[in-house]
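Here the sequence shown stands for residues 15 to 968, numbered as in our numbering. Yeah, the Cβ is synthetic: ideal placement off N, Cα and C, and Gly gets one too. Beneath this line is the structure, given in structure tokens, with notes to follow.
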Amino acid sequence: MGWGDEEGVGESGAAGDADGAGDDALEPDEVAAAAAASLAGVSAVRAAADAAAAAEAAAADSERLLAAEKRKRADPKWIAMQAKRRELPAHAMRAEVLACIASGPASVVSGATGCGKSTQVPQFLLEDAIRAGRGGECSVIITQPRRLSAIAVAERVASERCERIGDVVGYSIRLESKQSARTRLLFCTTGILLRRLQSDPDLVGVTHVVVDEVHERDLLSDFLLVILRALAKRRKDPPFRVVAMSATVNAELFQTYFERVLDDGPCSAVEIPGRTFPVAEYRLEDAIEATGYVCEPDGEYALAARAAIGDSLEKSSMLEDVTEETRAMYPGYSESTMRCLQTIDEDVINMELIESLIAHIADEYEDGAILVFLPGMAEIRGLHERLVSNLDDVETRFTLIPLHSTLSSEEQRLTFSVPPPGVRKIVMATNIAETSITIDDVVFVIDAGRVRETRYDPASRMSSLVTAWCSKASSRQRRGRAGRVREGYCFHLYSSRKERELAAFTTPEILRTPLDALCLQIKVLKLGDVREFLSQAIEPPPEESIASALASLAELDAVDASDELTPLGRHLAELPVDARLGKMILYGAMFSCLDPVLTIAASVGFRSPFLAPIDKRDEADEAKRKLAGAGASSDHLTLVRAYAGWIRARARGRGFERDFLSKTFLSAQTLKQISEMRQQYVQLLDQIGFLRSGTGIGDGASLDAAAAPFVPGGGHRPPPPPPPRGGRAPNDRDRHRGGRSTRAAAAALELASANATNEPLVRAVICAGLYPNVALAEPKTAETSRPGRGGRGGAQTKISVRTKGDGEVSLHPTSICFGASAFEHRFLLYHEKVRTTKVYIRDATMVGAYPLLLFGGKVKVDHERSSASVDGWIRFRAAPRVAVLFKALRAELDGLLMRKIASPELNIAAKSGDLVRQIVELLENEDDATRAAKKEARDAEAATRAAAEATNDD
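Right under this line is the structure:
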């Protein structure tokens, strides 16, 4: 009954109001309060009904799960699988593990490699609940740091339960999910759980979260633990449990971390022993003794101080005489070994010794695969080339297999192949083989003791890729790779003295990487002040790293002066990609050139599709440059051409696709992943309103009437590919909340890509995303040579590239722009700056002045000098009238973009059409003028050269 039907309302009520009577009349505030109370009562009734229905459903699920388990007990396959499970060390610790987890809101489970903790602990929790008649209430989420691990462990657990994946046991990774309403064990990547927390901060219905591999101390796992610790403290009913699980965890560190805020007493911990066979462990001195290796005093592996002494009696004496300190350090070793230890430089990875050790193993030991741990792909290539050149009968005696995260899955699968009898497998791997991949037939491990590690300097906002000594924990993991099937051997190529200097554990990622994305997630999850939140991490990052991240987000306009999210920041947080790439995507949608920008963002944010096989690097590089085209000036647009070429080849059939991939050295798997990521971005853009018809800047109308028909990646539309098996599009399963079907989203993408073939506009959008990552390219004249017969005279021109804060930098050798003697434009936008042997910039695109004036930093006009500048360091000569015009145009554009970003559904096409046309016309005019000027300069140079050659002939 509504308020209008209450007694007292009608004729008598009206009279009472008129004469001032009505002591029982309700005031407006009382009416509102009564209405609210009534609505609250209705809501409470509904909530109670929902809770009752949920309880009834859970009870039914509990009965179903219990009945299913009872039926399995007679299944021979189930019986055999349970027998295998009982062989695992974890099975013997079942009661202890369950008691540990049940003892409080947080617990720590550690276990040696091969103990079965990743597959068994989640099953213990589910089986215990099923047998207690509470299986329907049990919901366990298990996070893994890598996609492959999440899938592999989920499939193994489903197999052990004799069930199909996606039923009781499921997984969820980016772009792929196999789960159902019946799923009780969900394996997922850490990022998937963090995204769920955005909409479900209390993890309603979840009983346990198991965070696996916490010892790796990756950024997202440390971040997740802060959130889960707070959730465990506040969510008492129904109970919620957090389990930190690891192979080589520092249990006390995690116990102390949870105990700092939890009020339920000490955090319990349990350790599960391993089941590997014994592994004989050796150090550098043992490897030298066994192989008889001699380090030449003047060789590349000798200490620099020794090599610098020169041919002197002092040097001879130093090398021949073993010091008392060395004798005391290495008793029982030969004079030759001790002299070698005095000469050798442990800080250099000794390829000679690794080669000698492999030859020694091959000659002295029976069959068994050899796993060599190296820091990176460069060292893997170097060892591969050395072994091919120097090992006797290498093609018939050995199978050489590189293992690196950038290799295709097909190449990685070779790791698990079984070689023919008499052939020994040698796997050369990075630390990916420590935990992510297990090679069962490995008997011998050669550990170079190094790892390639990223370290971030917040002051310069630059990452350095350094080769560092691995931790003792990593060394134990590497040792554990041997002895999986029989007794093993591990050779650590560092001395027992160096071993004492190794860090106990790897430096947490949160202390050595940029925090931009993390700060963005803290704000979108409404976790409070960024600094306060990060102070609660296991090992909090330094203040300067947080300040650098917030400053970077402010440059992107993702946060305001109070470090609160702007409308742009909220949109960027919705896109699972680096914030700069996310901004590029949004601008691509707004300027109707979305398609190529999607390819750029997916490729740069995930992985380049270009392969570089160890034995065909030059061919691969040449194929890449050929695909990019003559005079190519953009790594980003080269990625677009590669993807577009694959789309066209695939549409013509599998044979054409295979031929194209072979000729261009492109990875089919990576291209497919890029395709799926593009579709995910489209769906998210549609969901937040950036793809709805008529809302794009310029209304998506093509600015070029003669534009070619749209096709993903640019170019002409190919014939449609054959329908997939089952008649369903590959990503129909990925429909999103509030969004449209894949087909509708594809139509929206086409509308938002009307300007996809307008290269100057695409470069400008790249600028909008990557700025202030800009470098200045200027000609640098080297020493002048005299003209000679048959040769070119004159100065040799090189290009100097510099950034604002670093001075001169170098283009990375993998860049299309690398080695250019002339640049189409003066400026280079880049995605990443990294220091190795020197400072490199990666993923570069040349742009002119106009994109920087329109989409860069703050524009300032200097009337006296007839110039304009961007952020005070990028300067252009311009007439005052032109500079003022650009500044006014920029102000109008900024205002338009702010309104559009604040309200994506806003239809501003009518207002923006003329403005966008002006901008595109300016960009195209600059591009045309630049090309004409370059052509004129080339023609003049050719004429001068011809005249010089004619003079020489005379």
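With a threshold of 16 other CB atoms inside 10 Å of the CB of residue i, please say whether the residue is buried or exposed.
| i | result |
| --- | --- |
| Pro-610 | buried |
| Ala-616 | buried |
| Gly-602 | buried |
| Ala-593 | buried |
| His-877 | exposed |
| Val-437 | exposed |
| Trp-660 | buried |
| Tyr-785 | buried |
| Glu-797 | Residue confidence for Glu-797 is low, a pLDDT of 47 falling below 50, so the modelled location carries little weight; the figure read from the coordinates is stated next. Burial call: exposed. |
| Lys-872 | exposed |
| Asn-274 | Position check: residue 274 holds Arg in this sequence, whereas Asn was assumed. Its Cβ having fewer than 16 others within 10 Å, Arg-274 is exposed. |
| Glu-20 | Summary for Glu-20: the model assigns pLDDT 36, below 50, so the residue's position carries little reliability, and this model does not support an answer. |
| Ala-770 | buried |
| Gln-147 | Just to set this straight, residue 147 is Gly in the shown sequence, not Gln. Classification for Gly-147: exposed. |
| Pro-774 | buried |
| Met-156 | It should be pointed out that residue 156 corresponds to Ile in this sequence rather than to Met. Burial call: buried. |
| Glu-822 | exposed |
| Asn-364 | buried |
| Ser-576 | exposed |
| Tyr-379 | exposed |
| Arg-178 | exposed |
| Gly-324 | With a pLDDT of only 47 at Gly-324, under 50, the local geometry of the prediction cannot be trusted, and no value is derived from it. |
| Val-432 | exposed |
| Pro-345 | exposed |
Just to check my reading of the structure: residue i and residue j have Cβ atoms closer than 8 Å, yes? What is that Cβ distance to the nearest angstrom?
| i | j | result |
| --- | --- | --- |
| Val-257 | His-222 | 6 Å |
| Arg-500 | Val-538 | Contact doesn't hold; Cβ gap of about 51 Å is too wide. |
| Thr-270 | Ile-302 | With a Cβ gap of about 41 Å, Thr-270 and Ile-302 do not count as contacting. |
| Ala-789 | Thr-817 | 5 Å |
| Leu-139 | Ile-115 | 7 Å |
| Leu-911 | Met-598 | No, Leu-911 and Met-598 are not in contact; Cβ-Cβ is about 13 Å, not under 8 Å. |
| Pro-581 | Ile-915 | 5 Å |
| Leu-298 | Ser-509 | 4 Å |
| Trp-483 | Arg-495 | About 18 Å; that fails the 8 Å criterion. |
| Ser-235 | Val-225 | 6 Å |
| Val-284 | Glu-110 | 5 Å |
What residues are listed by DSSP as bridge partners for residue i?
| i | result |
| --- | --- |
| Leu-417 | Ala-443 |
| Trp-483 | Arg-464 |
| Arg-816 | Leu-790 and Glu-822 |
| Ala-383 | Val-456 |
| Gly-542 | According to DSSP, Gly-542 bridges with nothing at all. |
| Ala-120 | Val-256 |
| Ser-477 | Tyr-470 and Val-848 |
| Leu-579 | Val-573 |
| Phe-620 | BP columns for Phe-620 are empty, so no partner. |
| Ile-115 | Beta-bridge pairing links Ile-115 to no other residue. |
| Gly-125 | Ile-286 |
| Ile-358 | Ala-316 |
Grab the span of the beta strand (DSSP E) containing residue i for me, first residue to last.
| i | result |
| --- | --- |
| Thr-859 | 853-861 |
| Leu-825 | 821-825 |
| Phe-841 | 841-849 |
| Ile-155 | 154-158 |
If I follow the unbroken alpha helix (DSSP H) through residue i, where does it start and stop?
| i | result |
| --- | --- |
| Val-220 | Taken as a continuous stretch (DSSP letters only), Val-220 belongs to no alpha helix (DSSP H), as it is neither H nor E. |
| Leu-595 | 593-604 |
| Ile-375 | 365-378 |
| Gln-697 | 682-701 |
| Ile-144 | 131-145 |
| His-229 | From DSSP, His-229 is part of no alpha helix (DSSP H); its letter is neither H nor E. |
| Ala-106 | 103-106 |
| Ala-342 | 338-343 |
For a test of your reading of the model: does the CB of residue i fall under 7 Å from any non-hydrogen atom of the ligand NAD? Yes or no.
| i | result |
| --- | --- |
| Leu-367 | The ligand NAD is absent from the structure shown, which contains no ligand whatsoever. |
Mind listing, in chain order, the continuous beta strand (DSSP E) runs of no fewer than 3 residues lying wholly within the segment 174-215? 183-187, 190-192 and 199-203
What runs of the beta strand (DSSP E), each 3 residues or longer, lie entirely inside the segment 495-535? 502-506
Beta strand (DSSP E) segments (min. 3 residues) lying fully within the segment 246-322: 255-260, 282-286 and 293-296
Contiguous alpha helix (DSSP H) assignments of at least 4 residues, all confined to the segment 859-933: 863-869 and 894-916
What runs of the alpha helix (DSSP H), each 4 residues or longer, lie entirely inside the segment 627-655? 631-642
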